[in-house]
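Remarks on the structure that follows.
Protein chains in written order, with the numbering used here: chain A, 4 to 271; chain B, 4 to 271.
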């Protein structure tokens, strides 16, 4: 079983990803796909005149401030537009995709963060109306039921909180949790960059291999959203996944390339 | 197996529907739920400044004109906001719901209407950029896989066309097709009216029983969206469903009431 996370940024070649996936499935691979929708979310918020605000936690992680109105837009962009469109495209490419969110069938259960300590203009503030959560359990039985029946689950955040509220969870970390829950050997995190770069302005500065024991030495290079990808990779490795690859989804056969080690490989 | 369609109008008591459903499931009933989202769709189109246009076919059926931009909003309102929120609410009420659309897992395959002959201002016009379709097949195997595993599929349009485009299909007729495909005994169509009324302004003018052989005598009372409900009911009966009930979803225990014959009952 492999788990593939497709980033939600611009420039992703979704058709190449799904055509590649169809070939792997025809050859006997089982797969679960997780996707983001950050670009579509930004576009929708602009159209809805909904101000977007990023918050930085005291430990330095950046995330989207998700109040109730933003969560509505989140469900529309992620579950509505992107999940449905990607499911249609995957099916057009020969992948027997079944789109779903973490809310469906109890797939991703989370605890909502009661209060987030964030840093804004150098001050620590407490945010209480944010709908974000931490994944606690994965319904791996549901994933097995679907993959046993020949489907490829195509999964989007949000997760469902203990009070049955949809809550924003990071897609990379959700993919890591699911990879661990189903005992996947590999987690491939595709985005619109070739992997973790020493210098974000220079794609040739790709870091080829990170060993888990040495991950701290590379954290300085992980900026912005890449920090959560590194966190997700570490979580996946610590929970038994053999290999995580950060790889480029703008190229032909992006999954084959990742499986061949093209990108940043993280190993135990 | 029962199939329940929940209308997308205002005033539906979703909590009462799902609490009632949870009791029936605890007592051994298996169910599939289909929902609309017409009210949310209207609200979203207003916010997006997307003009809404209804078209009337030459045979007198009204439907939503769904060009590409409207289909994007449709996926956001139906699959994103409403399907995800209703799945969360159903789970809060103890129903093991799994939200999905007709696109997911090949659930609803449709042929896209190449051109719609519509009547506008007394003239017949041809509409070619509409994404609407007619359901051709239901993946009943997927529904059985999910219900066998203890899930309640909670289903929204669109369907997927032969060219893998999401297409608008009527929710009542989709529910009828699925009821027939899984061999359901009963199809309950819940909305914000008590059933088919002789006089839409008078809720006491409820028609209590319609026999299939005599349906033409009642068609004059079916106005607007109610026409498609009658069409769906006839299709379901003709394909072997024992009983269709149009019933009120604004009351307590709406499913029990419908099963007790409160509403408009349609029989072979």
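Even glycine gets a Cβ: it sits at the ideal position worked out from N, Cα and C.
Span separating the alpha-carbon of residue i from that of residue j
i, j, result
"residue 271 of chain A", "residue 213 of chain A", "9 Å"
"residue 151 of chain A", "residue 180 of chain B", "26 Å"
"residue 99 of chain A", "residue 217 of chain B", "43 Å"
"residue 233 of chain A", "residue 192 of chain A", "10 Å"
"residue 172 of chain A", "residue 178 of chain A", "10 Å"
"residue 84 of chain A", "residue 91 of chain A", "11 Å"
"residue 190 of chain B", "residue 141 of chain B", "16 Å"
"residue 104 of chain B", "residue 22 of chain B", "22 Å"
"residue 187 of chain A", "residue 5 of chain A", "5 Å"
"residue 95 of chain B", "residue 163 of chain A", "10 Å"
"residue 30 of chain A", "residue 24 of chain A", "10 Å"
"residue 33 of chain A", "residue 155 of chain A", "8 Å"
"residue 134 of chain A", "residue 72 of chain A", "10 Å"
"residue 130 of chain B", "residue 61 of chain B", "12 Å"
"residue 202 of chain B", "residue 208 of chain B", "6 Å"
"residue 123 of chain A", "residue 219 of chain A", "26 Å"
"residue 126 of chain B", "residue 119 of chain B", "13 Å"
"residue 35 of chain B", "residue 7 of chain B", "6 Å"
"residue 256 of chain A", "residue 243 of chain B", "48 Å"
"residue 245 of chain B", "residue 240 of chain A", "54 Å"
"residue 15 of chain A", "residue 250 of chain A", "11 Å"
"residue 238 of chain B", "residue 46 of chain A", "41 Å"
"residue 69 of chain A", "residue 132 of chain A", "8 Å"
"residue 290 of chain A", "residue 169 of chain A", "Lying outside 4 to 271, the shown extent of chain A, residue 290 of chain A is not represented and no answer is given."
"residue 229 of chain A", "residue 26 of chain A", "29 Å"
"residue 199 of chain B", "residue 112 of chain A", "41 Å"
"residue 116 of chain B", "residue 128 of chain B", "14 Å"
"residue 160 of chain B", "residue 88 of chain B", "15 Å"
Minimum Cβ-Cβ distance from residue i to chain B less than 8 Å
i, result
"residue 82 of chain A", "yes"
"residue 70 of chain A", "no"
"residue 73 of chain A", "no"
"residue 103 of chain A", "yes"
"residue 218 of chain A", "no"
"residue 91 of chain A", "yes"
"residue 106 of chain A", "yes"
"residue 50 of chain A", "yes"
"residue 181 of chain A", "no"
"residue 163 of chain A", "yes"
Chain A contact for residue i (CB, 8 Å cutoff)
i, result
"residue 26 of chain B", "no"
"residue 95 of chain B", "yes"
"residue 87 of chain B", "yes"
"residue 41 of chain B", "no"
"residue 111 of chain B", "no"
"residue 263 of chain B", "no"
"residue 224 of chain B", "no"
"residue 154 of chain B", "yes"
"residue 23 of chain B", "no"
"residue 16 of chain B", "no"
"residue 79 of chain B", "yes"
Residue i Cβ short of 7 Å to the ligand HEM heavy atom set
i, result
"residue 230 of chain B", "Within the structure as shown, the ligand HEM is missing, as the structure has no ligands at all."
One or two residues paired with residue i in a DSSP bridge
i, result
"residue 193 of chain B", "B/9 and B/250"
"residue 150 of chain A", "Note: residue 150 of chain A sits in no beta bridge, so no partner."
"residue 268 of chain A", "A/212 and A/248"
"residue 137 of chain B", "B/114"
"residue 200 of chain A", "A/209"
Beta carbon proximity, residue i to chain E, threshold 8 Å
i, result
"residue 44 of chain A", "In summary, chain E is missing from the structure at hand, where the protein chains are A and B."
Proximal residues, the region 130 to 152 of chain B versus chain A, C-beta separation under 7 Å: 148 and 152
Taking a cut of 9 Å between CB atoms, which residues from the region 165 to 176 of chain B lie near chain A? 166, 167, 168 and 169
Could you pull out every unbroken alpha helix (DSSP H) segment of at least 4 residues lying fully inside the region 62 to 135 of chain A, listed in chain order? 71 to 77 and 86 to 95
In chain order, each beta strand (DSSP E) run of at least 3 residues that lies wholly inside the region 155 to 180 of chain B: 155 to 159 and 162 to 164
Which residue spans inside the region 7 to 67 of chain B form an unbroken alpha helix (DSSP H) run of at least 4? 17 to 29 and 41 to 50
Using a Cβ cut-off of 7 Å, which residues of the region 230 to 245 of chain B contact any Cβ in chain A, in chain order? none
For the region 182 to 205 of chain B, enumerate the residues whose C-beta is nearer than 8 Å to any C-beta of chain A, in chain order. none
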